[in-house]
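Here is the structure we will look at, set down as structure tokens.
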Amino acid sequence: MPKSSVFPTGKLPLEYLEQLLGSIACSDPRLAAGPCVGEDVAVIDMGDRYLVVKTDPITFATDQIGWYAVHVNANDIATSGARPLWMLATLLLPEKSTTPELVQGIFDQLRTACQESGILLVGGHTEVTYGLERPIVVGVMLGEVAKENLITTSGAQEGDAVLLVKGIPIEATAIIAHEKAEELCARGYEEAFIEEARAFLHSPGISVLDVAQVAARHAGVHAMHDPTEGGLATGLHELAVAAQVGLCVDLDAVPIIPQAARLCAEYGLDPMGALASGALIVAVDAEHADALLQAYHAQGVPCARIGKLLQQDKGVYALREGQHVTLPRFDTDEITKLF
Numbered sequence: 007m008p009k010s011s012v013f014p015t016g017k018l019p020l021e022y023l024e025q026l027l028g029s030i031a032c033s034d035p036r037l038a039a040g041p042c043v044g045e046d047v048a049v050i051d052m053g054d055r056y057l058v059v060k061t062d063p064i065t066f067a068t069d070q071i072g073w074y075a076v077h078v079n080a081n082d083i084a085t086s087g088a089r090p091l092w093m094l095a096t097l098l099l100p101e102k103s104t105t106p107e108l109v110q111g112i113f114d115q116l117r118t119a120c121q122e123s124g125i126l127l128v129g130g131h132t133e134v135t136y137g138l139e140r141p142i143v144v145g146v147m148l149g150e151v152a153k154e155n156l157i158t159t160s161g162a163q164e165g166d167a168v169l170l171v172k173g174i175p176i177e178a179t180a181i182i183a184h185e186k187a188e189e190l191c192a193r194g195y196e197e198a199f200i201e202e203a204r205a206f207l208h209s210p211g212i213s214v215l216d217v218a219q220v221a222a223r224h225a226g227v228h229a230m231h232d233p234t235e236g237g238l239a240t241g242l243h244e245l246a247v248a249a250q251v252g253l254c255v256d257l258d259a260v261p262i263i264p265q266a267a268r269l270c271a272e273y274g275l276d277p278m279g280a281l282a283s284g285a286l287i288v289a290v291d292a293e294h295a296d297a298l299l300q301a302y303h304a305q306g307v308p309c310a311r312i313g314k315l316l317q318q319d320k321g322v323y324a325l326r327e328g329q330h331v332t333l334p335r336f337d338t339d340e341i342t343k344l345f
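The sequence shown maps to residues 7 to 345 in my numbering.
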């Protein structure tokens with residue numbers, strides 16, 4: 007990439023990030039899984055088990071920033087088959103608007119979300135930071151998993167069925183309803199609809215802890231990945247890169263939640279590229295896919311078979327009404343169009 011290029015808001019391009027991560031020397035034999043595009047966690051051999059580690063920031067404006075930080079980080083631990091146990095949080099606070107009430111509120115959210123998920127908040131750092139206009143919370147989450155139960159994104163295999171659990175885009179729906187509530191009222195949306203969409207943060211919710219545990223216990227599951235920034239489309243690209251496989255996605259099979267479809271259409275957003283926390287991508291041996299679908303449906307959890315993994319040389323593409331189309335990638339999340 008030319009040195010004069012300026013990156014837009016959002017994730018770094020996958021190809022560029024792959025170059026950066028490829029330059030990191032990982033010679034420690036105890037590092038079972040290190041830096042890799044699409045890989046959600048680092049994995050360290052602790053002898054009788056693996057320590058699984060994740061870090062993720064919450065950088066967008068939200069009055070639930072502490073709650074988000076816990077669940078976004080815990081999700082990635084869960085997709086490895088591990089149980090999230092300990093968290094550290096770094097709070098960077100705006101220099102001109104930090105009040106005791108703001109700090110207390112974030113601490114209360116962190117503590118409550120950790121308690122609800124069986125996670126212990128063990129440390130971190132807090133400061134008022136020069137130049138910031140809004141709070142940023144950077145989480146570090148640690149968990150444990152038995153060695154034989156570790157699941158990595160790179161473990162996906164050619165021939166696997168690709169399932170999507172819950173639907174998309176849950177997180178984007180909650181944010182749009184929260185940030186644009188007054189505007190939506192002015193556009194004729196009923197208050198009940200807006201409140202329902204705002205509640206997507208909790209129901210169906212951005213946590214995948216429970217649904218990931220179902221997949222982790224199921225035969226034939228080779229990989230899990232939670233699509234976040236850049237939406238489902240980018241998450242699927244990341245899965246293919248990490249596992250070095252091709253991918254075919256049936257766009258007509260992707261469960262787009264009706265409230266989400268309506269709000270995305272209102273603002274001209276592609277739901278495939280909007281914040282998708284709360285959904286879970288599962289790569290499972292094709293012979294076991296129907297049984298896993300049934301396991302989710304028996305619990306009242308939506309789940310759909312949306313694609314299959316192919317030989318790497320087949321590339322990554324999608325089908326729409328049976329016709330080959332490009333599967334887009336959203337290095338800049340669609341939600342940024344609103345702010």
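Glycine is no exception: its CB is placed at the ideal position from the N, C-alpha and C atoms.
inquiry  = Less than 7 Å between the beta carbons of Gly-237 and Gly-279, yes or no?
reply    = Locating residue 237 in the sequence shown gives position 231, where the first residue counts as 1. Locating residue 279 in the sequence shown gives position 273, where the first residue counts as 1. Closer than 7 Å, so yes.
query = When DSSP labels each residue in this structure, what does Met-230 get in the three-state scheme?
reply = Looking up residue 230 in the sequence shown gives position 224. Met-230: strand per DSSP, three-state reduction.
request  = Enumerate in chain order the residues of its own chain whose CB-to-CB distance from Arg-301 is below 7 Å, with the five nearest sequence positions on each side excluded.
outcome  = Reading the sequence shown from its first residue, position 295 is the one you call residue 301. Arg is not the amino acid found at residue 301; the sequence shown has Ala there. Apart from the 5 residues on each side of it in sequence, Ala-301 sits with its Cβ closer than 7 Å to the Cβ of Val-220, His-224 in its chain, given in chain order.
query = How far does the beta strand (DSSP E) with Glu-150 in it reach, from first residue to last?
reply = Against the sequence shown, residue 150 aligns to sequence position 144. If you look at Glu-150, you'll find it in the beta strand (DSSP E) that goes 142 to 151.
request  = Tell me whether the beta-carbon of Glu-154 lies closer than 7 Å to the beta-carbon of Pro-100.
outcome  = Stepping through the sequence shown from its first residue, residue 154 is reached at position 148. Stepping through the sequence shown from its first residue, residue 100 is reached at position 94. For Glu-154 and Pro-100, no; Cβs fall outside 7 Å.
query = For Gly-241, is the classification buried or exposed, using 16 other Cβ atoms within 10 angstroms of its Cβ as the cut-off for buried?
reply = Counting from 1 along the sequence shown, the entry for residue 241 is found at position 235. Buried, since its Cβ has 16 or more Cβ neighbours within 10 Å.
request  = Please report how far the alpha carbon of Ala-88 lies from the alpha carbon of Val-151, in whole angstroms.
outcome  = Start at 1 with the first residue of the sequence shown, and residue 88 comes out as number 82. Start at 1 with the first residue of the sequence shown, and residue 151 comes out as number 145. Across the structure, Ala-88 and Val-151 are spaced so that their CA atoms are roughly 4 Å apart.
ask   = Between Glu-197, Trp-92, His-77, Leu-27, which lies nearest to Val-59 when the distance is taken from Cα to Cα?
value = Stepping through the sequence shown from its first residue, residue 59 is reached at position 53. The residue among Glu-197, Trp-92, His-77, Leu-27 with its C-alpha nearest the C-alpha of Val-59 is Trp-92.
task = Return the CA-CA distance between His-131 and Gly-274, expressed in angstroms with no decimal places.
result = If you number the sequence shown from 1, residue 131 lands on position 125. If you number the sequence shown from 1, residue 274 lands on position 268. Put simply, the backbone Cα of His-131 is about 39 Å away from that of Gly-274.
message = Whole angstroms are fine: how far does the CA of Pro-106 sit from the CA of His-243?
response = One-based indexing of the sequence shown puts residue 243 at position 237. One-based indexing of the sequence shown puts residue 106 at position 100. Their Cα atoms are separated by approximately 42 Å.
key: Beta-bridge partners of Met-93, as assigned by DSSP   = In the sequence shown, counting from the first residue as 1, residue 93 sits at position 87. Residue pairing by DSSP places Met-93 opposite Leu-127, Met-147 in a beta bridge.
ask   = At which residue ranges does the segment 15 to 81 contain complete beta strand (DSSP E) runs of 3 or more residues, listed in the order of the chain?
value = DSSP runs (the beta strand (DSSP E)) wholly in the segment 15 to 81: 37 to 39, 48 to 51, 56 to 64.
message = Can you list, in chain order, the residues of its chain with a C-beta nearer than 8 Å to that of Asp-319? Leave out the 5 residues immediately preceding and following it.
response = Start at 1 with the first residue of the sequence shown, and residue 319 comes out as number 313. Excluding positions up to five away in sequence, the list reads Gly-252.
message = Please report the straight-line C-alpha distance between Leu-286 and Phe-206, rounded to a whole angstrom.
response = The sequence position of residue 286 within the sequence shown is 280, counting from 1. The sequence position of residue 206 within the sequence shown is 200, counting from 1. Their Cα atoms are separated by approximately 15 Å.
query = Would the beta-carbon of Leu-344 fall within 7 Å of that of Pro-175?
reply = Position 338 of the sequence shown, counting from 1, holds the residue named residue 344. Position 169 of the sequence shown, counting from 1, holds the residue named residue 175. No, Cβ-Cβ distance for Leu-344 and Pro-175 is not below 7 Å.
ask   = In this structure, does DSSP put Gln-115 in helix, strand or coil?
value = Within the sequence shown, the letter at position 109 stands for residue 115. Note: Gln-115 maps to helix in three-state DSSP.
task = Using a threshold of 7 Å, state whether the C-beta atoms of Gln-163 and His-228 are closer than that.
result = Along the sequence shown, one-based indexing puts residue 163 at 157. Along the sequence shown, one-based indexing puts residue 228 at 222. Yes; because the gap between Cβ atoms is below 7 Å, this pair is in contact.
Pair within 7 Å by beta-carbon distance, Pro-6 and Pro-261 = The structure shown does not extend to residue 6, since the chain is modelled only from 7 through 345, so no value can be given for it.
request  = Let me know the alpha helix (DSSP H) ranges lying completely inside the segment 284 to 319, each 4 residues or longer, listed in chain order.
outcome  = List check, alpha helix (DSSP H) in window: 292 to 304.
query = For Tyr-323, which of helix, strand or coil comes out of DSSP?
reply = Stepping through the sequence shown from its first residue, residue 323 is reached at position 317. Looking at Tyr-323 - three-state DSSP - the assignment turns out to be strand.
query = With distances taken between CB atoms, is the gap from Ser-123 to Ile-212 smaller than 7 Å?
reply = The sequence position of residue 123 within the sequence shown is 117, counting from 1. The sequence position of residue 212 within the sequence shown is 206, counting from 1. Remark: C-beta atoms of Ser-123 and Ile-212 do not approach each other more closely than 7 Å.
query = Would you report the Cα separation of Ala-295 and Leu-20, rounded to the nearest angstrom?
reply = As a position in the sequence shown, residue 295 is number 289, starting the count at 1. As a position in the sequence shown, residue 20 is number 14, starting the count at 1. Across the structure, Ala-295 and Leu-20 are spaced so that their CA atoms are roughly 29 Å apart.
message = Just to confirm the assignment, what range does the beta strand (DSSP E) spanning Gln-329 have?
response = Reading the sequence shown from its first residue, position 323 is the one you call residue 329. Run containing Gln-329: 329 to 331, per the beta strand (DSSP E) assignment.
request  = Could you tell me the boundaries of the alpha helix (DSSP H) in which Leu-269 lies?
outcome  = Residue numbering aside, residue 269 sits at position 263 when the sequence shown is read from its first letter. That run of the alpha helix (DSSP H) goes 264 to 273.
Proximity of Asp-46 and Thr-85 at Cβ, strictly below 7 Å = Taking the first residue of the sequence shown as 1, we reach residue 46 at position 40. Taking the first residue of the sequence shown as 1, we reach residue 85 at position 79. The answer is yes: Cβ separation under 7 Å.
ask   = What does DSSP give as the partner residues of Thr-338 in its beta bridges?
value = The count along the sequence shown starts at 1 and reaches residue 338 at position 332. In the DSSP assignment, Thr-338 forms no beta bridge with any residue.
task = Measure the alpha-carbon distance for Glu-133 versus Pro-210 and round it to whole angstroms.
result = Residue 133 sits at position 127 when you count from the first residue of the sequence shown. Residue 210 sits at position 204 when you count from the first residue of the sequence shown. Take the alpha-carbon of Glu-133 and the one of Pro-210: they are about 34 Å apart.
key: Contacting residues, own chain, Cβ-Cβ under 6 Å from Ala-203 (five flanking each side not counted)   = The residue labelled residue 203 in the question sits at position 197 within the sequence shown. For Ala-203, where only same-chain residues beyond five positions count, the Cβ hits under 6 Å are Thr-179, Ala-183, Gln-265.
Distance, Val-168 Cα to Ala-259 Cα = What you label residue 259 is simply residue 253 of the sequence shown in a count that begins at 1. What you label residue 168 is simply residue 162 of the sequence shown in a count that begins at 1. Answer to the nearest angstrom: the Cα atoms are 11 Å apart.
key: Cα-Cα separation, Cys-42 to Glu-197   = Stepping through the sequence shown from its first residue, residue 42 is reached at position 36. Stepping through the sequence shown from its first residue, residue 197 is reached at position 191. Looking at the backbone, the Cα of Cys-42 and that of Glu-197 are separated by about 44 Å.
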